[in-house]
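In the working numbering, the protein residues as written are 2 to 338. Each residue gets a CB set at the ideal place from its N, CA and C atoms; glycine is no exception. For clarity, every value in this text was computed on a predicted model and none was experimentally measured. First up is the structure itself, then whatever we jot down about it.
Below, the structure is given as structure tokens:
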């Protein structure tokens, strides 16, 4: 196996950038084709996906142990150490570990493909506050209403809570959970969507591969054995990938993901729900009610598509020189729309 620095140099060279310098993103490329080139580099893509999941598991294990030790010092009987309590510390470390996928995804893209990690934000290479703001203003309230209706239709079992734990978990939900949601988006709608998209030989196959691979892997990591929950996770993966493609960035998907997790946890805390039962993903816990978010996601995706119908998917900016333009086989023209 080559030394780390040798592998990095080779990756940068074949990606099109000089050693030590990031590769320029292709001009006029939709979000999922930023890593596309003349060669599909499937092996490198698989390595990127493996590294992403290694980070997900590794960060989770390390933070779980850290949280478990803190709980031991506090005299808490944490589930991490074989106990029965889902403590505030366990909650904080669990969600914080997933948030690390944000820098980890950027690092993998930079190392294996030579492209700046910041390009994962959007096609303009930066997080777009205007897009984020519109999603918060128009979509977050819709999701809050849906979550409230779902809580009424599928009430959770009540648990026993100390006031201090509720307050701590409230803070974790507001501060850390949005970052956890963003971490999954950068990993799956960001890195994996692009990696799998680079395997296609044309715009349609690239989009299909990107959506399917990222959605299936996203559903898989949630480790559910319930058919309704898996359907919901797949719907989330497909919808968020299509929204990312049409808007040219992950801002809207981050808002929807964060709204789902934050509102769900806030409702659980407000209703003093048993978080163990609330997060249960075993067979039989779901029902036909979980078709509701599937339909809602379809409506939101259709609305985003309609809004972008005139100009098509957002693409990377055009430059004076076209020497870095995306290869013709991967162009994001009308065939991809």
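- Just so you know, the alpha carbons of residue 295 and residue 36 end up roughly 30 Å apart.
- In this structure, the CA atom of residue 59 is about 44 Å from the CA atom of residue 311.
- Non-local C-beta neighbours of residue 241 in its own chain, meaning closer than 6 Å and more than five positions away in sequence, comprise 190 and 254, ordered along the chain.
- Here the region 98-114 makes contact with the region 37-53; the two share three or more CB pairs at distances below 8 Å.
- Taking C-alpha positions only, residue 218 is separated from residue 313 by approximately 27 Å.
- The three-state reading of DSSP puts residue 250 in strand, counting E and B together.
- Taking a contact to require three or more Cβ pairs closer than 8 Å, the region 256-270 and the region 212-232 do not qualify as touching.
- Per DSSP, the continuous alpha helix (DSSP H) segment holding residue 185 begins and ends at 178-185.
- Runs of the alpha helix (DSSP H) lying entirely within the region 76-145, each at least 4 residues long, are 89-100, 102-114 and 130-139 in chain order.
- Nearest neighbour of residue 116 by Cα position, chosen from 315, 26, 213 and 83, turns out to be 26.
- When the Cα atoms are used, residue 114 and residue 195 turn out to be separated by approximately 11 Å.
- Residue pairing for residue 31: DSSP places it in a beta bridge opposite 316.
- Secondary structure at residue 24: strand, using DSSP grouped into helix, strand and coil.
- Taking a contact as a CB-CB distance under 8 Å, the pair residue 197 and residue 46 counts as one, their CB atoms being some 7 Å apart.
- Residue range 204-222 is occupied by the alpha helix (DSSP H) that includes residue 207.
- The beta carbon of residue 109 lies closer than 7 Å to those of 49, 52, 53 and 192 in the same chain, with the five residues before and after it left out.
- C-alpha of residue 88 to C-alpha of residue 236: approximately 31 Å in a straight line.
- Taking C-beta atoms as the reference points, residue 125 and residue 318 count as a pair closer than 8 Å.
- Straight through space, the alpha carbons of residue 204 and residue 148 are spaced by roughly 36 Å.
- Per DSSP, reduced to three states, the secondary structure at residue 163 is coil, with no helix or strand assignment.
- Going by DSSP, residue 301 is part of the alpha helix (DSSP H) stretching over 292-308.
- Remark: fewer than three beta-carbon pairs, one from each stretch, lie closer than 8 Å, so the region 276-285 and the region 174-191 are not flagged as touching.
- With a cutoff of 8 Å on beta-carbon distance, residue 260 and residue 159 are scored as not near each other.
- Residue range 194-198 is occupied by the alpha helix (DSSP H) that includes residue 195.
- In the DSSP assignment, residue 277 falls within the unbroken alpha helix (DSSP H) covering 276-279.
- Distances from the alpha-carbon of residue 248 to those of 146, 210, 130 and 22 put 130 closest.
- Comparing alpha carbon positions, the residue from 128, 96 and 79 closest to residue 61 is 96.
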